[in-house]
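Chains as they are written, first to last, in the numbering used here: chain E, 1 to 212; chain U, 1001 to 1212. First the structure, in the form of C-alpha cells, and then the observations on it.
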DNA sequence: CTATGTGAATTTATTCACAGCA
DNA sequence: TGCTGTGAATAAATTCACATAG
C-alpha cells in the first residue's frame, strides 16, 4: 500500500461501509469479501477494493477482509469514538424523533442535552433527557458540548445558530429548510429531506408521478 | 448553447438552486446574477454559470438571469409539479414531523395518506391527514399514490417496503437506519441522518470533539 | 483457484481565462 | 463596464485488467 490522500468520495462512503460492517459483525462473520459487501451496499466490488486500498492493504487474498480490522481503520479515519456529546435545540416532533433515533449511537453520538422555548416542555424529560430553557444555551461551553442539532422552525433557526456559535459549538446539523449563516470556523451540514426527494422524479424512468 | 447531457452533479445541485431562487423571488427580485446566487448557496459563480449553461443560455449579459425563467427550466428538468402525492407509513415522532415538514411543499409534494399499526392512532387525524390501518396499504394502487415515505422502526421496514412495492409504489424514501431490498424497478433513497453527522469530525480541523 | 491490490485508461467534474454581448 | 457563456486545461473519480498472494 502506498500513501495517498483519501478521496472525498471515499470518505463519503466510509459511513456506509461502517454500518454494513457492523451488520455483518453482528451476524457473527469474521471475514467479508469485497463482493459480498458490494452486494449489500449496492456498489461494485472493485470500487470497494479501491476505497480500502487508500488506507489499507489488510485484506487476505482468497479470503477477504477481516471485519474487525476494517471497523478499526474506519473508526480511526472518521474519528469515530463513543461518548460524542450532542445538544438538541427544539423538542417538537422532529426533535423528539432525533432523541429516539437509534442511528446516532452507531457512530458514537449521544444527545445529552435538549432545549426548547415552550414553558410546557421545559423541565420535562424526553427519552431520559431533561428539556432545558433555550435561554440557557450558553451553558454548552461549560459542559463542553461542541456539536448541536437544530430542529426548530425556519424563523428561529438563525437566532439559535448565533447562540450556538457563541456557546462554542463547532458543528451544526441543521434540519430547518432554510439558510443559516455562521462564521467559517463552524461547519454546518444542512439536511433538507425534501431535496433528495426532489431528485427522484428525474431518475425514475417515465416518472414516478405519471398520471396513468 | 449546445446540447449536452446534464451531469449528475449538476442535477444534485438543481434542488439547491431551486430553493434559493424561490427565496429571491419572494423578496421580489426579478433578476439574479450568478455571483449573488453563489454567495447564498455557498458555491462559486463559475460553477453556477456552467451548470446553467448545460440547459440554458437564457441569462442577460451585464444583468443576470431572469429568476422566473430559471425556475421554469429547473421545474421542467426535475419534473417538479404540484400535487405529487405521497403516502407516509409510520406516524410516530418522525412520521408526525414529516407531516408537519414545510419543505415538501416547495417541490410540489404532498402527504395525502398516512398509515400506522397502532390501534390508538388509527382513525385519528394528524395535520389534516387521517391515519389508516397499515393493513390497508394495498389501497395505494387504486388511489394512484406511487411514492412513499417509510418512517417505521428498523424491524418493520422490510415488511412495509414489500407491501409498498406490491401496491405499485415506485419510489421510496427510507428513514429507517437499515437496509431494505426492493426490485430494481423501484427506486429507494435511504436517508441516514447519522451518516452525514459521522463525516463531520473528519472535516473539522482538530476535531469538534477534542477534550480541551 | 479465489479474492485482493493497484497502475493505467477512461470517464466525469471542476476550474480557469477570456471572448462576446447588453 | 459588468456579467454571461463556454472551450480548453486541470483535477478527480471510476472502471478496467491483470499481476500477485494465500
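A virtual CB, placed ideally from N, CA and C, is assigned to each residue, including glycine.
Just to confirm the assignment, what range does the alpha helix (DSSP H) spanning residue i have?
i	result
residue 41(E)	34–41
residue 171(E)	Taken as a continuous stretch (DSSP letters only), residue 171(E) belongs to no alpha helix (DSSP H), being part of the beta strand (DSSP E) at 171–174.
residue 1056(U)	It is not in any alpha helix (DSSP H) - residue 1056(U) carries neither H nor E in the DSSP assignment.
residue 1095(U)	1093–1100
residue 1194(U)	1193–1203
residue 10(E)	8–26
residue 103(E)	103–106
residue 154(E)	154–166
residue 141(E)	139–143
Would you say residue i reaches chain E, if we count a Cβ-Cβ gap shorter than 7 Å as a contact?
i	result
residue 1208(U)	For residue 1208(U), the predicted model reports a pLDDT of 46, less than 50, meaning its position is unreliable and no value from the coordinates is stated.
residue 1189(U)	yes
residue 1103(U)	yes
residue 1097(U)	yes
residue 1011(U)	yes
residue 1090(U)	no
residue 1107(U)	yes
residue 1170(U)	yes
residue 1173(U)	yes
residue 1120(U)	no
residue 1196(U)	yes
residue 1078(U)	yes
residue 1200(U)	yes
residue 1148(U)	no
residue 1100(U)	yes
Any Cβ of chain U within less than 7 Å of the Cβ of residue i?
i	result
residue 25(E)	no
residue 204(E)	yes
residue 7(E)	no
residue 183(E)	no
residue 54(E)	no
residue 192(E)	yes
residue 93(E)	yes
residue 113(E)	no
residue 135(E)	no
Considering just the uninterrupted stretch of the beta strand (DSSP E) at residue i, what are its terminal residues?
i	result
residue 1083(U)	Note, residue 1083(U): premise wrong, no beta strand (DSSP E); not H, not E.
residue 1190(U)	1187–1190
residue 1112(U)	1109–1116
residue 1147(U)	1147–1150
residue 130(E)	129–133
residue 64(E)	64–66
Does the Cβ-Cβ distance between residue i and residue j come in under 7 Å?
i	j	result
residue 14(E)	residue 74(E)	yes
residue 1187(U)	residue 204(E)	yes
residue 1107(U)	residue 157(E)	no
residue 77(E)	residue 25(E)	no
residue 127(E)	residue 167(E)	no
residue 1196(U)	residue 189(E)	yes
residue 21(E)	residue 71(E)	yes
residue 1121(U)	residue 1131(U)	yes
residue 35(E)	residue 45(E)	yes
residue 52(E)	residue 69(E)	no
Judging by CA-CA distance, which residue of the options is the nearest neighbour of residue i?
i	options	result
residue 1064(U)	1077(U), 1048(U), 1133(U)	1048(U)
residue 1135(U)	1124(U), 1147(U), 1118(U)	1118(U)
residue 6(E)	50(E), 17(E), 42(E), 54(E)	54(E)
residue 182(E)	175(E), 198(E), 176(E), 164(E)	164(E)
residue 202(E)	1019(U), 1130(U), 1079(U), 1125(U)	1079(U)
residue 1102(U)	137(E), 43(E), 178(E)	178(E)
residue 1083(U)	1059(U), 1069(U), 1109(U)	1109(U)
residue 114(E)	160(E), 69(E), 81(E)	160(E)
residue 43(E)	56(E), 9(E), 133(E)	9(E)
With a threshold of 6 Å (Cβ to nearest heavy atom), would residue i be considered close to the ligand PLP?
i	result
residue 193(E)	Looking at this structure, you won't find the ligand PLP or any other ligand, since it has none at all.
Stretch-stretch touch, CB-based, cutoff 8 Å, three pairs: the stretch 81–93 of chain E with the stretch 147–158 of chain E: yes
Check whether the stretch 1092–1107 of chain U touches the stretch 1056–1063 of chain U, taking contact to mean three or more Cβ pairs, one atom from each stretch, closer than 8 Å. no
Given 8 Å as the limit, is there contact between the stretch 131–147 of chain E and the stretch 168–178 of chain E, that is, 3 or more CB pairs closer than that? yes
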